[in-house]
Amino acid sequence: MLRWIRQQLGFDPPHQSDTRTVYIANRFPQHGHYVPQRFADNRIISSKYTVWNFVPKNLFEQFRRIANFYFLIIFLVQLMIDTPTSPVTSGLPLFFVITVTAIKQGYEDWLRHKADNEVNGAPVFVVRSGSLVQTRSKNIRVGDIVRVAKDETFPVDLVLLSSDRAEGTCHITTTSLDGETNLKTHYSVPETLVSQSVSRLEALHAVLECQQPDADLYRFVGRITVTQQGEEIVRPLGPENLLLRGARLKNTKEIFGVAVYTGMESKMALNYKCKSQKRSAVEKSMNTFLLIYLGILLFEAILSTILKYAWQAENKWDEPFYNQKTEQERNSSQILKFISDFLAFLVLYNFIIPISLYVTVEMQKFLGSFFIGWDLDLYHEESDQMAQVNTSDLNEELGQVEYVFTDKTGTLTENEMLFRECSINGIKYQEINGKLVPEGMTDDSPDRSVSPLSREELLFLKAVSLCHTVQISYEQPGDGLGDPFSHANGFSSQMEYYASSPDEKALVEATKRMGVTFIGSHGETMEIKTFGKPEKFKLLHVLEFDANRRRMSVILQTPTGEKVLFTKGAESAILPFTTSGEINKTRVHVDEFALKGLRTLVVACRHFSVEEYEEVDQRLHKARTALQQREERLAEVFSFIEKDLELLGATGVEDKLQEKVQETIEALRLAGIKVWVLTGDKHETAVSVSLSCGHFHRTMNILELVQQKSDNECAEQLRQLARRIKEDHVIQHGLVVDGASLSLALRGHEKLFMEVCKNCSAVLCCRMAPLQKAKVVRLLKTSPEKPITLAIGDGANDVSMIQEAHVGIGIMGKEGRQAVQNSDYAIARFKFLSKLLLVHGHFYYIRIATLVQYFFYKNVCFITPQFLYQFFCLFSQQTLYDSVYLTLYNICFTSLPILVYSLFEQLVHPHVLQSKPVLYRDISKNSLLSFKTFLYWTLLGFCHAFVFFFGSYILMGEDTSLMGNGQMFGNWTFGTLVFTVMVITVTLKLALETHFWTWMNHFVTWGSIAFYFIFSLFYGGIIWPFLHTQDMYFVFVQLLSSGSAWFAIIIIIITCLFPDIIKKVFYRHLQPTSTQKSQLIETNYQGIGCVDSMCCYSEGENGCTRLGRMVEQVMGRCDPAYANRSRSNSDPFYSNDRSILTLSPMEATHC
1171 MLRWIRQQLG FDPPHQSDTR TVYIANRFPQ HGHYVPQRFA DNRIISSKYT VWNFVPKNLF
1231 EQFRRIANFY FLIIFLVQLM IDTPTSPVTS GLPLFFVITV TAIKQGYEDW LRHKADNEVN
1291 GAPVFVVRSG SLVQTRSKNI RVGDIVRVAK DETFPVDLVL LSSDRAEGTC HITTTSLDGE
1351 TNLKTHYSVP ETLVSQSVSR LEALHAVLEC QQPDADLYRF VGRITVTQQG EEIVRPLGPE
1411 NLLLRGARLK NTKEIFGVAV YTGMESKMAL NYKCKSQKRS AVEKSMNTFL LIYLGILLFE
1471 AILSTILKYA WQAENKWDEP FYNQKTEQER NSSQILKFIS DFLAFLVLYN FIIPISLYVT
1531 VEMQKFLGSF FIGWDLDLYH EESDQMAQVN TSDLNEELGQ VEYVFTDKTG TLTENEMLFR
1591 ECSINGIKYQ EINGKLVPEG MTDDSPDRSV SPLSREELLF LKAVSLCHTV QISYEQPGDG
1651 LGDPFSHANG FSSQMEYYAS SPDEKALVEA TKRMGVTFIG SHGETMEIKT FGKPEKFKLL
1711 HVLEFDANRR RMSVILQTPT GEKVLFTKGA ESAILPFTTS GEINKTRVHV DEFALKGLRT
1771 LVVACRHFSV EEYEEVDQRL HKARTALQQR EERLAEVFSF IEKDLELLGA TGVEDKLQEK
1831 VQETIEALRL AGIKVWVLTG DKHETAVSVS LSCGHFHRTM NILELVQQKS DNECAEQLRQ
1891 LARRIKEDHV IQHGLVVDGA SLSLALRGHE KLFMEVCKNC SAVLCCRMAP LQKAKVVRLL
1951 KTSPEKPITL AIGDGANDVS MIQEAHVGIG IMGKEGRQAV QNSDYAIARF KFLSKLLLVH
2011 GHFYYIRIAT LVQYFFYKNV CFITPQFLYQ FFCLFSQQTL YDSVYLTLYN ICFTSLPILV
2071 YSLFEQLVHP HVLQSKPVLY RDISKNSLLS FKTFLYWTLL GFCHAFVFFF GSYILMGEDT
2131 SLMGNGQMFG NWTFGTLVFT VMVITVTLKL ALETHFWTWM NHFVTWGSIA FYFIFSLFYG
2191 GIIWPFLHTQ DMYFVFVQLL SSGSAWFAII IIIITCLFPD IIKKVFYRHL QPTSTQKSQL
2251 IETNYQGIGC VDSMCCYSEG ENGCTRLGRM VEQVMGRCDP AYANRSRSNS DPFYSNDRSI
2311 LTLSPMEATH C
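Structure below.
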């Protein structure tokens, strides 16, 4: 019964088989036993909340935070028992934090709802009851036939039935799915491609069987059974027949397709991955400090409770004459009284835990993240792309990176391929002026209208121009792609190649320049022009590329009727299967190409007899129509086909390095960051690129762990490398590892492998699979030192590595947007990484580290006087401050200065930080949030609190009259004096810590102090009708009317801050950090750049310079445009730096 109810509610689908059966146009069998499968509707739901569950769900999520839950408990305690402070003091800040967070999350979810409604309400056309009907996207059901027009987005996952093209193909782009901008061709089966009208579709009787939905965009296994004249015809379906939701129809007027996966079961929706929550080191430190402060709070509450009962042991204090106990109080339980008193003290001291810290940190991270997007230095003009932030939770982690893991292709290189060399039949060739010339010869061949090529050269060029998945677009007026063969004359000016792989495009363009031009494919026909002479090949089968085989093949029928297989791929995937051709010479040439840093591909062919081809055709058909284990069967058949190959040759394609890659890697190395390159390229190519980009130095001792065959061999090699590192007196070592050896090393020798890696300044891992990249990152991440890791890449194969690292950065390259979509930050070029880490990372870290420490400091200052006051009021839980002051201290009086500081503070100018990467080491290892620094701020808070309290006590504690009329102050005036001194001191303390002053800093610093005075005058100077009691009436005015009180305020503030100033001066002069030295240099040059442009100096300073420095330090920094800063070889504390610190040319001339 329960199962039936769950099925009716949709929680337990009745049919959970491995496959789904889809009846096209929903023509179900007529016999009564058929029970339709239940499928999801076509609504997309990306929102988190609904109107009904927003309040409970959001509150539940917010109170999972320890601090929020703690304050909720305190608030409930205040409601339940008689506490010294009003419940409002805890309730209002808690309500403020919860409300602000709920509004932010509610607004974000409302935007998601709005986007969902737009998508779900989009108009679509479906075939129903023999006509084309317009409906909304959310109403599409599995089995519906949907019509999609040119440039429209597919509303569901469709299997293509027919298109307006005679051959039943269509072109699509999948930019929104994987970012690839190339045109991809999709096909319909021969039996349905003729159904190009609604009437024909209505007459179509077909059943489609396919796998249940999964998230893999490139995998689809199915078959379609079409009934024609009583006969059932079965055809296989694969990814080339499936049109994915989110893709866009291009160069095709319209298509019809049947919906197979709808709504949240579509592949796009299944890829809505909820990324694992990454937490920064600062957040972890913050939680540790919160627990320590919770311990301090419990200690103070327990101590106060014990001392209260110790004091009340004497009768005169337990029940004084002016405060007699009631009978009920005398008979109440001592244990309950003790608990009640403990909770009351807990409430009294609870503000030592700063609730507003969380909301301030969230605002700082959210607002601070905009600076990355606004930074014009991170804007790439050519591609019109600026840096983007996908998560603001990790901003400060950019300042703590110790290891950078980078992909090579498209990250260090441009991913723009240029054909350079090739090897044909054991002879090396170069391209000179669009002609294929053997190495060492010049371009003196005759006009290429007559083929100057040998049979081997021609066969090689034909193989390269036919073995690919390149598509062609013609720039022409009108709709549609048009017939590619109609462009046989004058194609060169109108034709453009599109390919999913830049290598393929470069190779097809190269063969075109050499006289063998790919014209296009038309159905099962591929056409090339060989020196102007057209040739048509029938495309029989395509053996698609996959990462395991690392090759792709096509089987063609030549114009003479011969069946031939052309294949291309990595040399390790082709050479072992070749039986003829110049194998040894080609292998040598491939290694030579790789040493030059070229990307290599090997090309081969196989000629089939009639019997061989028939067997191949049968095996392929069986494997492709299998519903179970189709991939394994296909892999087996592909291995059977791709053997006994005749080697034709190899190609070498150059991938240019991006600009400033070498300088960026050098800057990261100076900053103390180790760079690892993880690539799928072959060993020689990867080493060559590593040397050219500066990852490996020519003077570096290169160690190798490659081609290891067994565990024992790998372990012995690792031990030898460890010994060499110890014995060799070489400053730097580099390590090269290949994928196979890495698998062995990670299997049982992780510790030894890590020891070798950590002693190497650069590591290169080649022949890496995507999951191996993630394993390497995880290995470093989980090592005992727990270093902060960063992964950067541009392709789908880098996603696992990007998600595994503490910080993931996507490059907006040519390999799609999957890396960008799954990253935490995205930049257009690798060179931007140096500014992102050395400048933005530095700023974010010092800002948030100071914010966290300062918050704890000001709350210690706030609550410690409250604790000390209990010693003078018999631990009666009398509050020192008024309830309004308790509530507004963290919300209004001290909140804005630290927020503005945490958004704008710059210890050193950005130019200096970029030119002196060594400064990054000053903040590494979470140094500003170390326990020592935390202890300093905490003790400083206690010291200042003691000065506030006892300074005020000395002034007015002995019944001293501070008024001209002889009146004395009471306890509220005393508390207000302490509070006034405290607000001014903690604000000025932050002012002392501020190095970079803007008008906003001035406004909020002095404005906060002014606001406190104005508020207090209004709050205490007016009788407010809605307040039950007004203890503060006229207290503040009376306090300020006393000259002695003013004198005390000034003396106490100076007493607190003067030692801090002395400490800063002495430390800066006696033990300056690298950062402080840079500040001195910066200040000197600022003086010249801004105020003193005409007053130059050689060694000493003149009066004009000193005046300039004073003015700028008070008013803020100068415009960096006036000063040209970089590094100097003569710098006493940066011997590695290579650039020069100079004045601008104009200033040098005046000097």
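Adding 1170 to a residue's 1-based position in the sequence shown gives its number in my numbering. All C-beta atoms, glycine included, are put in the ideal place defined by N, C-alpha and C. Quantities reported herein were computed from a predicted structural model and do not represent experimental measurements.
To the nearest angstrom, report how far apart residue i and residue j are at their CA atoms.
i: ASP1182; j: GLU1435; result: With a pLDDT of 46 at ASP1182, under the threshold of 50, the predicted position of this residue should be treated as unreliable, and no value is reported.
i: SER1697; j: ALA1944; result: In the sequence as displayed, the identity of residue 1697 is Glu instead of Ser. C-alpha separation (whole angstroms): 43 Å.
i: ARG1190; j: VAL1430; result: 9 Å
i: VAL1289; j: ALA1319; result: 17 Å
i: ASP1617; j: LYS1605; result: Only weak support is given to the placement of ASP1617: the predicted model assigns it a pLDDT of 45, under 50, and the value that follows is read from those uncertain coordinates. Cα to Cα, the separation comes out at about 10 Å.
i: GLN1832; j: CYS1863; result: 5 Å
i: ALA1793; j: ILE1215; result: 37 Å
i: ALA1989; j: ILE1979; result: 8 Å
i: LEU1706; j: ARG1719; result: Here residue 1706 turns out to be Lys, not Leu, going by the sequence shown. If I take the Cα positions, the gap works out to 29 Å.
i: GLU2075; j: LEU2160; result: 11 Å
i: GLU1714; j: SER1723; result: 7 Å
i: LYS1738; j: LYS1813; result: 13 Å
i: LEU1116; j: GLN1232; result: Since the first residue shown for the chain is 1171 and the last is 2321, residue 1116 is missing from the structure and cannot be characterised.
With DSSP run on the structure shown, which of helix, strand or coil describes residue i?
i: ASP1994; result: coil
i: THR1422; result: coil
i: LEU1873; result: strand
i: HIS1638; result: coil
i: LEU2038; result: helix
i: ILE1505; result: helix
i: SER1723; result: strand
i: MET1982; result: coil
i: GLY1864; result: coil
i: GLN2023; result: helix
i: ILE2068; result: helix
i: SER1742; result: helix
i: HIS1853; result: helix
i: ASP1716; result: coil
i: TYR1549; result: coil
i: TYR2182; result: helix
Is it buried or exposed, residue i, if we count other Cβ atoms within 10 angstroms and call 16 or more buried?
i: LYS2005; result: buried
i: ALA1680; result: buried
i: ASP1188; result: exposed
i: MET1611; result: exposed
i: THR1687; result: buried
i: GLU1781; result: exposed
i: VAL1225; result: exposed
**Study point:** Any beta strand (DSSP E) of 3 or more consecutive residues that is wholly inside the stretch 1886–1936
**Key:** 1903–1908, 1932–1936
Practice item. Please determine if the stretch 1962–1972 and the stretch 1576–1596 are in contact, where contact requires at least 3 C-beta pairs separated by less than 8 Å. Key: yes
Exercise for review: Run through the stretch 1220–1268 for me and flag every whole alpha helix (DSSP H) of 4 or more residues, listed as ranges in chain order.
Suggested key: 1224–1232, 1236–1250
Check your understanding: How do the stretch 1909–1927 and the stretch 1884–1898 stand: do at least 3 beta-carbon pairs fall below 8 Å, yes or no?
Key -> yes
Check your understanding: Do the stretch 1272–1282 and the stretch 1408–1421 touch if we need at least three Cβ pairs shorter than 8 Å?
Key -> no
Review point. What residue ranges within the stretch 1330–1413 form continuous alpha helix (DSSP H) runs of no fewer than 4 residues, ordered along the chain?
Key: 1345–1348, 1368–1372
Practice item. Would you be able to state if there are at least three C-beta pairs under 8 Å between the stretch 1593–1607 and the stretch 2023–2031? Key: no
Review point. Does the stretch 1560–1570 come close enough to the stretch 2008–2015 that 3 or more CB-CB pairs lie under 8 Å?
Key: yes
Check your understanding: Given 8 Å as the limit, is there contact between the stretch 1530–1541 and the stretch 1504–1512, that is, 3 or more CB pairs closer than that?
Key -> no
Practice item. For the stretch 1778–1797 and the stretch 1841–1859, state whether three or more C-beta atom pairs, one from each stretch, are separated by less than 8 Å. Key: no
Check your understanding: Just checking, does the stretch 1548–1556 make contact with the stretch 1990–1999 on the three C-beta pairs under 8 Å criterion?
Key -> yes
**Study point:** Inter-stretch contact at 8 Å, needing at least 3 Cβ pairs: the stretch 1894–1908 / the stretch 1801–1815
**Key:** no
Exercise for review: Taking 8 Å as the threshold, find out whether the stretch 2223–2237 comes into contact with the stretch 2164–2173 through three or more Cβ pairs.
Suggested key: no
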